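Report on the structure given below.
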Amino acid sequence: MDQAFSFSWNVRFNEQQYVDLHRSLSSELPFGRRALLGVALLFSKYTMLIGILCLCLTVFGRFMSRFFPGVSTNSYREMPFVRHKTTYLVNEQGLTVKSRGRKIFVRWSGIGTWQQKNGWLSVGLPWFPQCLFRISDLKQAGVYDQVVARCRTHGKKKRR
Amino acid sequence: MSDGRFKFSAEINLTEQQFVMLNRLTSPKRWPFYITATAIVALLMLLHPFTFLVGVGLFIIPALAIFAPHKLLNCQEQLYRKSPYFRQQPVLSVSDKGLSFRTEQVEAEVLWSKPTVWQEIHGWLKISPAGFPACWFPVPDLKRAGVYDQLMLKCREFGVKFDSDEANRSDSGKQFRTIYTTYGPPISCHADDFTFGETSDNR
Numbered sequence: 001m002d003q004a005f006s007f008s009w010n011v012r013f014n015e016q017q018y019v020d021l022h023r024s025l026s027s028e029l030p031f032g033r034r035a036l037l038g039v040a041l042l043f044s045k046y047t048m049l050i051g052i053l054c055l056c057l058t059v060f061g062r063f064m065s066r067f068f069p070g071v072s073t074n075s076y077r078e079m080p081f082v083r084h085k086t087t088y089l090v091n092e093q094g095l096t097v098k099s100r101g102r103k104i105f106v107r108w109s110g111i112g113t114w115q116q117k118n119g120w121l122s123v124g125l126p127w128f129p130q131c132l133f134r135i136s137d138l139k140q141a142g143v144y145d146q147v148v149a150r151c152r153t154h155g156k157k158k159r160r
Numbered sequence: 161m162s163d164g165r166f167k168f169s170a171e172i173n174l175t176e177q178q179f180v181m182l183n184r185l186t187s188p189k190r191w192p193f194y195i196t197a198t199a200i201v202a203l204l205m206l207l208h209p210f211t212f213l214v215g216v217g218l219f220i221i222p223a224l225a226i227f228a229p230h231k232l233l234n235c236q237e238q239l240y241r242k243s244p245y246f247r248q249q250p251v252l253s254v255s256d257k258g259l260s261f262r263t264e265q266v267e268a269e270v271l272w273s274k275p276t277v278w279q280e281i282h283g284w285l286k287i288s289p290a291g292f293p294a295c296w297f298p299v300p301d302l303k304r305a306g307v308y309d310q311l312m313l314k315c316r317e318f319g320v321k322f323d324s325d326e327a328n329r330s331d332s333g334k335q336f337r338t339i340y341t342t343y344g345p346p347i348s349c350h351a352d353d354f355t356f357g358e359t360s361d362n363r
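Keeping their order, the protein sequence lines are chains A and B. The opening residue of the first sequence carries number 1 in our numbering; numbering runs sequentially from there. The opening residue of the second sequence carries number 161 in our numbering; numbering runs sequentially from there.
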């Protein structure tokens, strides 16, 4: 565990990549399943109102997401740092997110939840943006086992 | 100091109660109104079988707000308890270049950039740069250190006052959209000049 290692990568997401990535890491029900749930709730008069609300939120969330604060489309447009080149760095001391005008370093003991999903490892840094790594890149660099071991020791695995 | 350079650091000790009071976006005066209005709508919905379930769901919100506010999702009580940082008495710094936030576990810094929101409340100056935790500074200490006026110049240059006519808003999402619309694309005043304070690139 004490062995030194270091891995970093740079990325500049465009809006579509950013939204797709955050959607794929999200634990929300996908659009199709949410719509099906809404339709299913329409069949009973007691749950019809909930079904209508569910469908409205699903449709609005999908096609008019700019009205919902905090969704990834809005984050991309509103947050200055997301559109700049970002460097994600992991080493035996902790994780670093660096972009134009902002630098965040969090020691391993300060990480939050982490998850592996759709080929990505995301590590939450409470109050800060999550740290993102492609699992294949980590494996190729030979640091995957060390990173995941530290995530298991210090973080909380995100429930699906 | 005369050439516009300044720096101020303070170890901030915010209790949960202070944190909640200072961070609440809606004015505490309006809070009872929202709770009462939600409870009335929920009660009315309970009277009809078709809206009964929604009423039950809606009733949970004011009940939690009154009896167990820390259980509400993303409420300030929960944010304080979940965040390891404020219990560690962070050292917050502000200078002519930007802001920094330091605890045992975190070293973070951000250069002055748009959009930033600032607010003076109950003797504290709150500065919230986008994508960075809100930084709190005691106004009397800033004045005593002789940096208050210079800091306010920076706040006005890069930010807008919370809830001002300039950026009238009720939630953080709307707040950032308003600012972005008003000021155009975000700009960093020092471009790629990253570091100030103790955080170094060669870590």
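Glycine residues also receive a C-beta, built at the ideal position from the N, C-alpha and C atoms. Please read all numbers here as calculations on a predicted model, not as lab measurements.
(message) So, with DSSP's three-state summary, where would you put A:TYR46?
(response) coil
(message) Would A:ILE52 pass as an interface residue toward chain B - the criterion being a Cβ-Cβ separation below 7 Å?
(response) no
(message) Could you tell me the alpha carbon to alpha carbon distance between B:PRO289 and B:LEU207, rounded to whole angstroms?
(response) 46 Å
(request) Select from the segment 289-314 of chain B all residues with a C-beta closer than 9 Å to any C-beta belonging to chain A, and list them in chain order. (result) PRO289, ALA290, GLY291, PHE292, PRO293
(message) So, at 6 Å on beta carbons, what are the nonlocal neighbours of B:THR211 in its own chain, with the 5 sequence-adjacent residues on each side left out?
(response) MET205
(message) When you compare the CB positions of A:TYR88 and A:VAL82, do they come within less than 7 Å of one another, or not?
(response) no
(message) In this structure, how does DSSP classify A:VAL143 when only helix, strand and coil are distinguished?
(response) coil
(request) Using a threshold of 7 Å, state whether the C-beta atoms of B:LEU271 and B:ALA170 are closer than that. (result) no
(request) Say whether chain B places a C-beta atom closer than 7 Å to the C-beta of A:VAL147. (result) no
(message) By the DSSP assignment, the alpha helix (DSSP H) with B:LYS303 in it spans what residues?
(response) 299-304
(message) Against chain A, with Cβ distances strictly below 7 Å, would B:GLN236 count as a contact?
(response) no
(message) Here's the rule I'm using: 16 or more other beta-carbon atoms within 10 Å means buried, otherwise exposed. How should B:PHE227 be labelled?
(response) exposed
(request) Give the DSSP-derived three-state secondary structure of B:PHE212 in the structure shown. (result) helix
(message) Given this structure, state the Cα-to-Cα distance separating A:SER8 from B:GLY283, to the nearest angstrom.
(response) 42 Å
(message) By the DSSP assignment, the alpha helix (DSSP H) with A:GLY38 in it spans what residues?
(response) 31-41
(message) Need the endpoints of the alpha helix (DSSP H) that B:ILE200 sits in, please.
(response) 191-206
(request) Taking the CB atoms as reference points, tell me whether B:SER255 and B:LYS167 lie closer together than 7 Å. (result) yes
(message) Run through chain A and tell me which residues come within less than 9 Å of B:LEU271, C-beta to C-beta.
(response) ARG100, GLY101, ARG102
(request) Note down, in chain order, each residue of its chain lying with its Cβ closer than 6 Å to the Cβ of B:ILE287, except the 5 sequence neighbours on either side. (result) TRP278, CYS295
(message) Any beta carbon from chain A within less than 7 Å of B:THR175's own beta carbon?
(response) no
(message) Quick check on this structure: which residue in B:VAL216, B:PHE297, B:GLN310 has the alpha carbon closest to the alpha carbon of B:LEU174?
(response) B:PHE297
(request) Kindly say whether B:SER330, judged by its beta-carbon, lies nearer than 7 Å to any beta-carbon of chain A. (result) With a pLDDT of only 40 at B:SER330, under 50, the local geometry of the prediction cannot be trusted, and the value read off the model is given with reservation. Taking Cβ atoms only, chain A never reaches closer than 7 Å to B:SER330, which makes this a no.
(message) In this structure, how does DSSP classify A:ARG107 when only helix, strand and coil are distinguished?
(response) strand
(request) Tell me the start and end of each unbroken beta strand (DSSP E) in the segment 247-285 of chain B that is at least 3 residues and wholly inside, in chain order. (result) 251-255, 258-262, 266-271, 276-281
(message) Which residues does DSSP list as the beta-bridge partners of B:PRO289?
(response) B:THR276
(request) Within its chain, find whatever has a CB closer than 6 Å to the CB of A:GLY124; leave out the 5 residues flanking it on each side and keep chain order. (result) GLY112, THR113, GLN130
(message) So for B:GLU171, helix, strand or coil by DSSP?
(response) strand
(request) Would you decide whether A:ILE104 is buried or exposed? Buried here means 16 or more other CB atoms lie within 10 Å of its CB. (result) buried
(message) Just to confirm my understanding: we take A:LEU42, look at its own chain, exclude 5 residues before and 5 after, and list those with CB closer than 6 Å. What are they?
(response) MET48, GLY51
(request) Run the CB neighbour count on B:LEU311, radius 10 Å, all protein chains shown included, and call it buried at 16 or more, exposed below. (result) buried
(request) Just confirm the distance between the C-beta atoms of A:LEU121 and A:LEU138, as a whole number of angstroms; I'd bet it's less than 8 Å. (result) 7 Å
(request) Can you grab the Cα-Cα spacing for the pair A:ARG86 / A:SER99, in whole Å? (result) First, the residue type needs correcting, since residue 86 of chain A is Thr and not Arg in the sequence shown. Approximately 4 Å, taken between the alpha carbons.
(request) Give the interface partners of B:THR211 over in chain A, defined as CB-CB distance under 7 Å, in chain order. (result) LEU49
(message) Quick check on A:VAL82: does DSSP put it in helix, strand or coil?
(response) coil
(request) Go ahead and label B:VAL214 buried or exposed: buried means 16 or more other beta carbons lie within 10 angstroms of its beta carbon, across all protein chains shown. (result) buried
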